[in-house]
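>
There are 2 protein chains.
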Amino acid sequence: MPRNKQFDEQKALDAAMRTFWEKGYEGTSLQDLESATGLARTSIYNAYGNKRKLFEKAIIRYRNTVLHDLVAKLNNASTAREGIRALMQGIVDMHYDSRTPGGCLVVLSILESEQHDDSSSALVEEMIGQMKKAIHKRLLDARRNGDLPADLDVNGVSSSITAAVAGMMVMGKAGFPRSTLQGVIRTTLNLLES
Amino acid sequence: MPRNKQFDEQKALDAAMRTFWEKGYEGTSLQDLESATGLARTSIYNAYGNKRKLFEKAIIRYRNTVLHDLVAKLNNASTAREGIRALMQGIVDMHYDSRTPGGCLVVLSILESEQHDDSSSALVEEMIGQMKKAIHKRLLDARRNGDLPADLDVNGVSSSITAAVAGMMVMGKAGFPRSTLQGVIRTTLNLLES
Numbered sequence: 001m002p003r004n005k006q007f008d009e010q011k012a013l014d015a016a017m018r019t020f021w022e023k024g025y026e027g028t029s030l031q032d033l034e035s036a037t038g039l040a041r042t043s044i045y046n047a048y049g050n051k052r053k054l055f056e057k058a059i060i061r062y063r064n065t066v067l068h069d070l071v072a073k074l075n076n077a078s079t080a081r082e083g084i085r086a087l088m089q090g091i092v093d094m095h096y097d098s099r100t101p102g103g104c105l106v107v108l109s110i111l112e113s114e115q116h117d118d119s120s121s122a123l124v125e126e127m128i129g130q131m132k133k134a135i136h137k138r139l140l141d142a143r144r145n146g147d148l149p150a151d152l153d154v155n156g157v158s159s160s161i162t163a164a165v166a167g168m169m170v171m172g173k174a175g176f177p178r179s180t181l182q183g184v185i186r187t188t189l190n191l192l193e194s
Numbered sequence: 195m196p197r198n199k200q201f202d203e204q205k206a207l208d209a210a211m212r213t214f215w216e217k218g219y220e221g222t223s224l225q226d227l228e229s230a231t232g233l234a235r236t237s238i239y240n241a242y243g244n245k246r247k248l249f250e251k252a253i254i255r256y257r258n259t260v261l262h263d264l265v266a267k268l269n270n271a272s273t274a275r276e277g278i279r280a281l282m283q284g285i286v287d288m289h290y291d292s293r294t295p296g297g298c299l300v301v302l303s304i305l306e307s308e309q310h311d312d313s314s315s316a317l318v319e320e321m322i323g324q325m326k327k328a329i330h331k332r333l334l335d336a337r338r339n340g341d342l343p344a345d346l347d348v349n350g351v352s353s354s355i356t357a358a359v360a361g362m363m364v365m366g367k368a369g370f371p372r373s374t375l376q377g378v379i380r381t382t383l384n385l386l387e388s
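Chains A and B, in that order, give the protein sequences.
Read in order, the letters of the first sequence are residues 1 to 194 in the numbering used here.
Read in order, the letters of the second sequence are residues 195 to 388 in the numbering used here.
1. If the cut-off is 8 Å on Cβ atoms, which residues from the segment 364-380 of chain B count as contacting chain A, listed in chain order?
2. Counting only beta-carbon atoms, is serine 113 of chain A nearer than 8 Å to chain B?
3. In the segment 15-30 of chain A, which residues sit with their C-beta less than 8 Å from some C-beta in chain B, listed in chain order?
4. Counting Cβ pairs closer than 8 Å, one from the segment 169-177 of chain A and one from the segment 359-374 of chain B, do we hit at least three?
5. Can you look up asparagine 64 of chain A in the DSSP assignment and give me helix, strand or coil?
6. Just tell me which of A:Lys173, A:Val66 and A:Lys132 has its CA closest to the CA of serine 315 of chain B.
7. What alpha helix (DSSP H) runs, 4 residues minimum, are completely inside the segment 333-368 of chain B?
8. Please return the same chain residues whose Cβ sits closer than 6 Å to the Cβ of serine 109 of chain A, not counting the five positions on each side in sequence.
9. Just checking, does the segment 245-255 of chain B make contact with the segment 204-211 of chain B on the three C-beta pairs under 8 Å criterion?
10. Under 8 Å between beta-carbons, which chain B residues line up against threonine 100 of chain A? List them in chain order, please.
11. Can you pull the chain B residues whose beta carbon is under 9 Å from the beta carbon of aspartate 153 of chain A, in chain order?
12. Is aspartate 117 of chain A helix, strand or coil by DSSP?
13. Taking the alpha carbon of aspartate 93 of chain A as the point to measure from, which residue in A:Asn46, A:Arg178, A:Leu192 and A:Leu111 has its own alpha carbon closest?
14. Quick check on this structure: which residue in A:Ser43, A:Val157, A:Gly24 and A:Arg138 has the alpha carbon closest to the alpha carbon of aspartate 8 of chain A?
15. For the candidate residues A:Gly49, A:Val66, A:Leu74 and A:Tyr48, whose alpha-carbon lies nearest to that of lysine 133 of chain A?
16. Cα-Cα, which of A:Arg186, A:Pro101 and A:Val154 is closest to isoleucine 135 of chain A?
17. What are the start and end residues of each continuous beta strand (DSSP E) run of 3 or more residues lying completely inside the segment 195-279 of chain B, in chain order?
18. Please look up how many angstroms separate the CB atoms of glutamate 308 of chain B and glutamate 22 of chain A, rounded, as I've assumed it's under 8 Å.
19. Can you give the beta carbon distance from serine 159 of chain A to leucine 139 of chain A, rounded, assuming they're within the 8 Å contact cut?
20. Establish whether the CB of valine 165 of chain A and some CB of chain B are separated by less than 8 Å.
21. What are the boundary residues of the alpha helix (DSSP H) that leucine 111 of chain A is part of?
22. Once DSSP output is grouped into helix, strand and coil, what is the label at threonine 100 of chain A?
23. Specify, as a first and last residue, the run of the alpha helix (DSSP H) that leucine 386 of chain B falls within.
24. Any idea if proline 149 of chain A is buried or exposed, counting beta-carbon neighbours within 10 angstroms, 16 or more meaning buried?
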């Protein structure tokens, strides 16, 4: 496969990802996908199979770019507290970045579960599960290293941080001001104290 | 208007509310609404105008029943802490109640914002705003009465509880076990301690 074709497929996939992220699965028409990718309907079918297969490829692309970068913020900070702060701040910054659609493709897709088949449902559920596991592992390692209190309820706190992250995306879409989401970050960090 | 007609319209509205709650706005077809309400398409148009008007009536019905009952749990408990616990427990119990669709109609509708017009978007955004205001007021009154610590960050904590509530609905839809959501409740209550 020539490099050029690979490059175009990547760009088209990014464009499809952003369209699903903005409009949701059901709300995205083939016409929307044609406009976004610059490909004709027949080329989309030839390259990706159908709308559902393209959605699955788009959500995997989202995991490998957007979610990968967020988990890197969590893991690359020097302390667990700074890692959680960087993860949550990254999510808020992404929501208000005019270059990306607001909210989160995974959260949107979970809520739209009635529109998905078993395969794409399992995929989006696995992604929020992986986010929770990454938070849980970061806190557990930090508790072992003495970076967090020995009596920290790692199961409860990692569940709460996952809920806060998903809830912030809902609140962002509902038009709450940035200061409200900063308040969620500030307060959630208090959960790491004991 | 005879009582009988009023009764039927209420029942039909409840059925429409549950259908939107289960399938989302875009995912609900007129055929679905016909099956759920037992009304023919022309009767639906005559009674409610169009699908969007019916959706708006359904979401107002949701506010006046489901959200009203949850806010009553928040306000009727003897302490703010018990009120927050009762609100969050009510949301988890509702999600796992086999007699209701999972998740929350308001959260689903916010995520589906691209599918709504300004009027219905404003309506669902106002509803999550009212939930946050109810939590904020309960905490503020409790801080004034000495039921919560005088230095409690009421703005931050009420934002965090709102995020936790919305996030729990996302996690419930993503298939996390009930024990994970109980962990969110247990940990979130720690935010009321200082």
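Glycine residues also receive a C-beta, built at the ideal position from the N, C-alpha and C atoms.
Short version:
1. Val364, Met365, Lys367, Ala368, Gly369, Phe370, Thr374, Leu375, Gly377, Val378 and Arg380
2. As a position in the first sequence, residue 113 of chain A is number 113, starting the count at 1. Chain B, which has a Cβ nearer than 8 Å to the Cβ of serine 113 of chain A, makes this yes.
3. Glu22, Lys23, Gly24, Glu26 and Gly27
4. Segments in contact, yes.
5. Here residue 64 of chain A refers to the residue found at position 64 of the first sequence. Correct three-state label for asparagine 64 of chain A: helix.
6. Residue mapping note: residue 315 of chain B aligns to position 121 of the second sequence, counting from 1. Here the closest residue by C-alpha is A:Lys173.
7. 348-367
8. Start at 1 with the first residue of the first sequence, and residue 109 of chain A comes out as number 109. Result list for serine 109 of chain A: Val124, in chain order.
9. yes
10. Residue mapping note: residue 100 of chain A aligns to position 100 of the first sequence, counting from 1. In chain order: nothing, as chain B lies at least about 14 Å away.
11. Your numbering for residue 153 of chain A matches position 153 in the first sequence. Chain B residues near aspartate 153 of chain A: Gly377, Arg380, Thr381 and Asn384.
12. Numbered from its first residue, the first sequence carries residue 117 of chain A at position 117. Correct three-state label for aspartate 117 of chain A: coil.
13. Residue 93 of chain A sits at position 93 when you count from the first residue of the first sequence. Answer by Cα proximity: A:Arg178.
14. Position 8 of the first sequence holds residue 8 of chain A. Of the listed residues, the one whose Cα sits closest to aspartate 8 of chain A is A:Ser43.
15. Counted from its first residue, the first sequence places residue 133 of chain A at position 133. Selected option, being the one with the closest Cα: A:Leu74.
16. Position 135 of the first sequence, counted from the start, is the residue given in the question as residue 135 of chain A. The shortest C-alpha separation from isoleucine 135 of chain A is found at A:Val154.
17. none
18. Here residue 308 of chain B refers to the residue found at position 114 of the second sequence. Here residue 22 of chain A refers to the residue found at position 22 of the first sequence. Indeed they touch by this definition, with Cβ atoms about 6 Å apart.
19. As a first step, residue 159 of chain A is located in the first sequence; it is residue number 159 there, counting from the start. As a first step, residue 139 of chain A is located in the first sequence; it is residue number 139 there, counting from the start. Not really, about 11 Å apart at Cβ, beyond 8 Å.
20. Position 165 of the first sequence holds residue 165 of chain A. True, the Cβ-Cβ gap to chain B drops below 8 Å.
21. Position 111 of the first sequence, counting from 1, holds the residue named residue 111 of chain A. From DSSP, the alpha helix (DSSP H) with leucine 111 of chain A extends over 105-111.
22. Within the first sequence, the letter at position 100 stands for residue 100 of chain A. Taken through DSSP and simplified to helix, strand or coil, threonine 100 of chain A comes out as coil.
23. What you label residue 386 of chain B is simply residue 192 of the second sequence in a count that begins at 1. Element bounds for leucine 386 of chain B: n/a, residue is neither H nor E.
24. As a position in the first sequence, residue 149 of chain A is number 149, starting the count at 1. So proline 149 of chain A ends up on the exposed side.
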